[in-house]
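Engineer:
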Amino acid sequence: MADLYAEILIPQNIGKGPGTLTYKVPENLAKEVKIGSEVLIPLRSKKIKGTILKLNDKEPEFKTKEIIDIVGEKTYLKEWQIELVQWISDYYACPMYKCLEMFIPKRVLTKDRTGTEAIVEPLSPTSNIHELTPDQKEIFNKILEKNNKISLIHGITGSGKTEIYLQLAQHYTNQDQQALILVPEISITPQMTTYFEKIFSKKIAVIHSKLTSVQRKNAWKKILNNEAKVVIGSRSSLFSPFQNLGLIIMDEEHEFSYKQDQSPRYNTRDVIYKMSELLPNLKIVFGSATPSVETYFKAQNKEISLFEMNKKIYEQPHPKVEIVDMRDEMKKKNYSIFSETLAENISQILERNEQAILFLNKRGTSSAVICRECGYIEKCGYCDVAMTYHQADSKLTCHHCGFKKNPPTLCPSCKGVAIRFIGSGTEKVEEELHKIFPKARIIRADKDTTQKRESFKKIYNDFKNHKADILIGTQLISHGLHLPNVSLVGIMLADISLLFPDFRTSERTFQLLTQIAGRAGRIKRNHDIEDKVVIQTYMPENPILKSVQDYDYKEMYDFAINERRIANYPPFSKLIKLTFSHANEQECIKAIQRAKALIQENSHKNSKNNSPGKKMEILTYPSFIKKIKGKFIFNMLIKGANLTSEIVAPFQNIEGWKIDIDPISTSVSMCVLISSIDK
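The structure is reproduced here in structure tokens:
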């Protein structure tokens with residue numbers, strides 16, 4: 050028998066190479082090792098773990114050491130997953146070993162310990178699966194057609210998308226295949242799990258980053274042993290050890306949380322597209338009431354199948370959306386954060402024993418501390434941002450680095466006493482609400498109240514069981530929550546997202562406000578009073594608010610796609626964002642300038658990144674928040690028709706640099722993108 054050699058990926062950098070070393074397979078392991086096997090190998094004076102990427106019988110021209118042993122009982126990775134690791138590494142300019150860590154987390158490879166499993170026990174009595182409506186059945190059947198490999202279900206809130214998901218999962222698991230249900234936030238997994246327990250019970254595994262090491266390991270093993278037929282989780286569940294994956298459903302496909310913000314900075318949706326290439330029989334379903342512009346563009350151009358669901362399953366009307374101009378409130382001498390309209394509607398739902406959700410995408414009590422004599426604003430000493438006052442601990446807190454301090458009693462600049470707390474956060478909304486409605490039961494869901502494991506689940510269940518009348522929250526409450534007794538949604542200030550400098554602002558604002566509005570109007574009520582959404586704004590003339598009011602996704606899409614066509618932004622081009630941070634601002638500027646010159650020089654040598662007639666464009670600019678955690682931050686935005694990660698490869702693994710392929714946010718306004726791109 051010929052000698053066998055293995056190319057092994059090791060969990061550390063090896064110069065500028067691919068991070069692999071070649072080892073000889075000893076005779077006693079020759080029949081056991083496979084591509085994807087975890088093995089123990091000698092490296093210098095240490096023993097480390099590595100993963101076999103390739104096996105061959107060609108003897109290398111250099112001396113090789115032998116593999117010591119196989120780690121674990123079973124191969125974790127299949128060949129298609131190895132290919133996916135390589136693709137993620139190449140596409141997102143990230144070392145292979147970092148990409149591999151997503152597929153084989155260290156916590157999974159530890160020795161067995163006792164503990165709670167991640168396999169979910171039924172939270173409620175199981176019930177029979179609902180029969181699909183004729184419209185749902187038609188979509189279900191068409192998705193199963195062989196030519197519909199990738200589909201988008203564009204269905205309004207309450208149209209019954211989840212029921213189609215459930216029956217699709219049942220179809221594939223009946224064929225002994227596994228189904229993955231992706232949700233954008235960990236907080237949504239309990240509700241989605243409860244829904245799928247109707248027919249799958251203990252065959253469900255949950256995977257997300259807040260599991261204990263024991264929970265994750267047990268769930269991982271269930272998937273590996275093909276005992277878990279349905280996997281529900283956030284983006285990290287995409288890299289579970291599937292044995293026979295037949296279906297991926299990506300719910301709320303538009304959510305920005307599907308983009309990883311740490312290296313590798315992958316977009317879940319794009320990794321799924323690659324998986325569909327590697328697994329010819331894999332069925333992909335994207336679902337959203339407000340699809341991303343890029344995905345809807347693909348559907349409009351027949352690259353993927355599109356199914357529209359424009360009716361609610363119980364045919365109840367959309368809640369009426371009322372836009373309140375807060376400038377008029379000021380004219381009426383109403384300086385409260387609650388308009389008269391919103392306060393009156395809250396009073397009415399309390400009288401009817403119904404519930405309300407109030408949304409403000411800003412936590413804390415006050416947004417800033419300002420001196421009304423000289424204009425001084427109290428900023429974080431480490432970040433270029435105003436500190437937020439939290440009444441709960443009477444501290445000023447920086448939401449970027451966590452630094453805390455006592456609020457000043459005198460102005461540090463002019464020594465005046467006219468210190469004022471301005472702006473509002475979720476704590477301030479709660480405080481003011483208690484003053485106006487002292488008998489109302491109020492709970493709050495934001496980052497401060499949901500830090501503990503299971504905390505959001507408790508808040509959700511308490512509110513669902515009507516242990517509170519009003520839920521105040523940030524983006525955590527914007528989607529995935531079925532709360533039938535909610536008849537009023539109040540959006541405290543729509544302008545927060547409208548003013549964010551980014552080319553996706555129009556899309557993001559529409560998605561966020563529409564999703565929040567969808568928390569009302571879930572069921573038909575036993576009275577004639579309409580469910581209502583009240584949007585407070587100082588910019589009522591903004592066209593996106595009109596689209597939200599009319600529930601008109603197509604109007605928003607046409608507006609956004611036209612903006613991007615004019616500026617030549619995705620989906621009409623590709624973007625790469627390069628970020629450099631340093632304690633010295635001038636060093637930042639110099640580094641960005643040198644990088645720009647290098648990229649321009651290299652682009653002339655690389656035809657992939659500079660196709661005829663479509664010149665690559667570069668914009669350099671300071672970050673929206675110029676300094677965080679004591680370091681200044683400067684960005685470089687590269688735009689072109691055929692950009693690849695090769696153009697930024699020189700900055701990979703260099704201290705201070707971050708590479709973001711297909712960034713979800715540019716932190717620079719559309720008007721700047723159109724008029725000020727460096728030529």
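Residues are numbered in the working numbering as their position in the sequence shown, beginning at 1, plus a constant of 49.
Backbone N, C-alpha and C define an ideal beta-carbon position, used for all residues, glycine too.
Just reading off the beta strand (DSSP E) that C420 is part of, what are its end residues?
Structural biologist: Per DSSP, C420 belongs to the beta strand (DSSP E) from 417-420.
Engineer: Can you tell me whether DSSP reads E166 as helix, strand or coil?
Structural biologist: Per-residue confidence for E166 stands at a pLDDT of 34, beneath the threshold of 50, marking its modelled position as unreliable; no derived number is given.
Engineer: Can you tell me the Cα-Cα spacing of K195 and T554, whole angstroms?
Structural biologist: Those two C-alpha atoms are separated by around 37 angstroms.
Engineer: Short check: CB of L201 to CB of Y345, under 9 angstroms?
Structural biologist: Result yes, Cβ atoms of L201 and Y345 sit closer than 9 angstroms.
Engineer: Alpha carbon to alpha carbon, how far is K516 from R557?
Structural biologist: Cα to Cα, the separation comes out at about 32 angstroms.
Engineer: Taking 9 angstroms as the threshold (C-beta atoms), are A405 and I398 in contact?
Structural biologist: Taking 9 angstroms as the Cβ cut-off, I398 and A405 qualify as a contacting pair.
Engineer: Taking only three categories from DSSP, how would you classify S289?
Structural biologist: Looking at S289 - three-state DSSP - the assignment turns out to be coil, as it is neither helix nor strand.
Engineer: Rounded to the nearest angstrom, what separates I353 and P340 at their Cα positions?
Structural biologist: Their Cα atoms are separated by approximately 13 angstroms.
Engineer: Would you kindly work out how many angstroms separate the C-alpha atoms of E234 and I281, rounded to a whole number?
Structural biologist: Going from the Cα of E234 to the Cα of I281 covers about 11 angstroms.
Engineer: Between V342 and P620, is the Cβ-Cβ spacing less than 9 angstroms?
Structural biologist: Closer than 9 angstroms, so yes.
Engineer: According to DSSP, S716 sits in a beta bridge with which residue or residues?
Structural biologist: Paired residues: none, contrary to the question.
Engineer: Would a C-beta distance cut-off of 9 angstroms place Y72 and I84 closer than the cut-off?
Structural biologist: It is not a contact, given that the beta carbons lie outside the stated cut-off.
Engineer: Out of curiosity, what's the CA-to-CA distance linking G424 and G465?
Structural biologist: Whole-angstrom Cα-Cα distance: 11 angstroms.
Engineer: According to DSSP, simplified to helix, strand and coil, what is I667?
Structural biologist: Correct three-state label for I667: strand.
Engineer: Whole angstroms are fine: how far does the CA of M145 sit from the CA of D52?
Structural biologist: So the alpha carbons of these two residues sit roughly 27 angstroms apart.
Engineer: Does DSSP put L231 in a helix, a strand or coil?
Structural biologist: Looking at L231 - three-state DSSP - the assignment turns out to be strand.
Engineer: Does DSSP put F387 in a helix, a strand or coil?
Structural biologist: Coil, per DSSP.
Engineer: Exposed or buried, which one is L686 when buried takes at least 16 other CB atoms within 10 Å?
Structural biologist: Result: buried.
Engineer: Ends of the alpha helix (DSSP H) at L532?
Structural biologist: From DSSP, L532 is part of no alpha helix (DSSP H); its letter is neither H nor E.
Engineer: Can you give me the Cβ contacts of H528 inside the same chain, cut-off strictly under 6 angstroms, excluding the 5 residues immediately before and after it?
Structural biologist: Counting only Cβ-Cβ distances below 6 angstroms, and skipping sequence neighbours, we find E301, Q564.
Engineer: Assess contact between the region 544-551 and the region 576-591, defined as three or more Cβ pairs (one per stretch) separated by less than 8 angstroms. Is contact present?
Structural biologist: Yes: the two stretches touch, three or more of their Cβ pairs being nearer than 8 angstroms.
Engineer: Since T238 contacts V255 with CB under 8 angstroms, what's their CB separation in whole angstroms?
Structural biologist: Indeed, because the Cβ distance is near 6 angstroms, the residues count as touching under 8 angstroms.
Engineer: For P171 and I213, I'd like the C-alpha separation in whole angstroms.
Structural biologist: No answer about P171 holds up, because its pLDDT of 36 lies below 50 and its placement is not dependable.
Engineer: Measure the Cβ-Cβ separation of I521 and F408 and say whether it is below 9 angstroms.
Structural biologist: Yes, the Cβ-Cβ distance between I521 and F408 is below 9 angstroms.
Engineer: Which of helix, strand or coil does DSSP assign to R318?
Structural biologist: DSSP places R318 in helix when its eight states are reduced to three.
Engineer: Give the C-beta separation of K210 and G336 to the nearest angstrom, bearing in mind that I take them to be a contact with Cβ-Cβ under 8 angstroms.
Structural biologist: K210 to G336, Cβ: 5 angstroms. Contact.
Engineer: Short check: CB of N684 to CB of S694, under 9 angstroms?
Structural biologist: The answer is no: Cβ separation not under 9 angstroms.
Engineer: Would you say S285 and H257 are within 9 angstroms of each other, going by their C-beta atoms?
Structural biologist: Yes; because the gap between Cβ atoms is below 9 angstroms, this pair is in contact.
Engineer: Please work out which residues of its chain come closer than 7 angstroms, Cβ to Cβ, to P174, disregarding the five sequence neighbours upstream and downstream, and give them in chain order.
Structural biologist: Confidence in P174 is poor, its pLDDT being 35 and thus under 50, which makes the residue's placement too unreliable to answer from.
Engineer: In angstroms, rounded to a whole number, what distance separates the CA positions of V597 and I419?
Structural biologist: Distance between the alpha carbons of V597 and I419 is about 34 angstroms.
Engineer: Is it buried or exposed for D106, if we count other Cβ within 10 angstroms and need 16 for buried?
Structural biologist: Label assigned to D106: exposed.
Engineer: Buried or exposed for Q635, please, with buried defined as at least 16 other CB atoms from any protein chain shown within 10 angstroms of its CB.
Structural biologist: Exposed: under 16 other Cβ atoms inside 10 Å.
Engineer: Below 9 angstroms between beta carbons: does that hold for K198 and K332?
Structural biologist: A contact, by the Cβ cut-off of 9 angstroms.
Engineer: Helix, strand or coil for L331 per DSSP?
Structural biologist: Reduced to three states, the DSSP call for L331 is coil.
Engineer: Looking only at its chain, what residues have a beta carbon closer than 8 angstroms to the beta carbon of E180, apart from the 5 residues adjacent to it on each side?
Structural biologist: Counting only Cβ-Cβ distances below 8 angstroms, and skipping sequence neighbours, we find nothing.
Engineer: Here's the rule: buried if 16 or more other CB atoms are within 10 angstroms of the residue's CB, otherwise exposed. What is G451?
Structural biologist: Under this definition G451 is an exposed residue.
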